[in-house]
Amino acid sequence: MNDEEDLVFEQVLDALHIPEPDQTTKEQVMKAVFFLGVAKEIGAFHASIPGTLLDDSMSE
Amino acid sequence: MTPDEPSSDNDLVDAITQGDIQAFEGLYDRYAGKVLKRCFFICVNQEEARDLMQEIWIKVFLHLHDFKKQAAFSSWLYRLTTNHCLNYIKSKAYSESSETQHPSEELIHEDPTSKIDVHHLLQKLSLEDRTILAMKFMGEYTYEEISAICEINLSAAKMRVSRLITKLREEVNT
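Protein sequence lines correspond, in order, to chains A and B. To convert, take the position in the first sequence, counting from 1, and add 10; that gives the numbering used here. To convert, take the position in the second sequence, counting from 1, and add 14; that gives the numbering used here.
Written as structure tokens, this is what we have:
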């Protein structure tokens, strides 16, 4: 890859002066990731339980 | 590793895949601004760029296990960013295909905080031009891949990137 061209592209991105993402955006992302992480854990937990224990049918 | 020593990207990735959600914050802090700039370069709208950036970070979390460390994490992240933004632009263009508005007029959002005239710069670049630049410099696509995706021949792809870079260089140097 041409480093000089990469540099020009980076200069353009910097010159746009897009403000850094705000704190609210970060909090929303982190909250979503936290819930997804929990969901993953629960998924793994359920997968480790034999199917019969998760069966909610009301057999007599 | 000492507490003062910044963790490498790969260390953070390992920690996240082992369930350390806080390590994700480290990656986010390091790259969120860079991802946002790249989203803005493609969609040219700050609000859309922020939404896209959020979606990208969720995608990063969900697909981190696909990152095999054969390349730098940043390369993987920027390619994911490029693909996500281009898919968004494609689906947006499809859903708005009945409208006859010129894309550059529709997408341009002037930011008063920008030191260079974004409006002026982006008016010079069509969506197709931005797509080619994003593929080359953000997604690190090869010229062969760009020529195949854009259905242009290899030398035309190279010439187009070179011409666009010349145009951008003039703009940042003015």
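No residue lacks a Cβ here, since even glycine has one placed at the ideal position from N, Cα and C.
Is residue i helix, strand or coil by DSSP?
i      : result
H27/A  : coil
A86/B  : coil
V58/B  : coil
D65/B  : helix
D80/B  : helix
D34/B  : coil
S105/B : helix
L233/B : No answer is possible for residue 233/B: the residues shown for chain B start at 15 and end at 188.
L139/B : coil
N187/B : helix
N167/B : coil
T180/B : helix
G153/B : coil
D16/A  : helix
S21/B  : coil
D32/A  : coil
Is there a C-beta anywhere in chain B that falls below 8 angstroms from the one on residue i?
i     : result
K41/A : no
E15/A : yes
E37/A : no
A25/A : yes
F45/A : no
I28/A : yes
Q21/A : yes
Is the CB of residue i under 8 angstroms away from at least one CB in chain A?
i      : result
W71/B  : yes
M173/B : no
Q68/B  : yes
V27/B  : no
F54/B  : yes
L147/B : yes
R183/B : yes
R93/B  : no
I179/B : yes
R144/B : no
L76/B  : yes
F151/B : yes
Please list, in chain order, all residues of the same chain as residue i whose beta carbon is under 8 angstroms from its beta carbon, the five residues on each side excluded.
i      : result
Y45/B  : S88, L91
L41/B  : D23, L26, V27, I30, V74, F87
R174/B : D143, I146, I166
F81/B  : V27, F87, W90
S21/B  : M15, A29, A37, G40
L79/B  : Rather than Leu, the amino acid found at residue 79/B in this sequence is His. Excluding sequence neighbours, H79/B sits near T31.
T114/B : In this prediction, T114/B scores a pLDDT of 47, lower than 50, which makes its location untrustworthy; the coordinate-derived value is nonetheless stated afterwards. Closer than 8 angstroms at the Cβ level, and outside the excluded window around T114/B, lies no residue.
Leaving aside the five residues before and after residue i along the sequence, list all residues of the same chain whose C-beta is less than 6 angstroms from its C-beta, in chain order.
i      : result
C53/B  : A63, L66, M67, C99
M152/B : R52, Y92, T96
K150/B : V175
Please list, in chain order, all residues of the same chain as residue i whose beta carbon is under 7 angstroms from its beta carbon, the five residues on each side excluded.
i      : result
E158/B : L168
E69/B  : H98
Near-chain D residues of the region 36-50 of chain B - C-beta to any C-beta below 7 angstroms:
Going by chain labels, chain D is absent from the structure shown, which instead holds the protein chains A and B.
Does the region 142-154 of chain B come within contact of the region 30-45 of chain A, defined as at least 3 CB pairs closer than 8 angstroms?
no
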